[in-house]
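Contents: one structure, followed by commentary.
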Amino acid sequence: MAITKTELVASIASATGESQATVGRVVDGLFSAVTEAVAKGEKVTIPGFLSFETVATAARTGRNPQTGAEIKIAAGQRVKVTAGSKLKAAAK
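Structural data, given as structure tokens:
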């Protein structure tokens with residue numbers, strides 16, 4: 000089961016007694032801050048829960064699954080998300 004942003008905001012608002020509008024702005028601010036930092040190449044860590052960082056990918060050769068033809072995949076950047084110890088423990 001997936002939780003949507005709206006459900007997350009409602010859950011946090013209920014747990015904290017804050018309004019959903021206030022919590023929504025805080026969640027949006029968190030997402031914006033993480034996005035800006037990762038775009039700058041910085042690592043963002045929320046101890047025990049998640050870390051986000053940009054990693055470089057090398058150029059490589061791939062295959063078109065429909066035709067089997069080889070294609071060149073350019074080098075680039077991707078976002079790596081790593082679960083922290085508290086999040087991993089909660090999943091067990």
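When the sequence shown is numbered by numbering that gives the first Met the number 0, its final residue is 91 and no position is left out of the sequence of numbers.
By construction, the Cβ of each residue, glycine as well, lies at the ideal position given by its N, Cα and C atoms.
Please read all numbers here as calculations on a predicted model, not as lab measurements.
In the three-state scheme derived from DSSP, where H, G and I count as helix and E and B as strand, Ile11 is classed as helix.
Val54 places its beta carbon less than 7 Å from that of Arg77. Spanning the alpha carbons of Ser84 and Phe51 requires a straight line of approximately 14 Å. Per DSSP, Lys42 lies in no alpha helix (DSSP H) and is assigned neither H nor E. Pairing Lys79 with Glu41, the inter-Cα distance amounts to about 12 Å.
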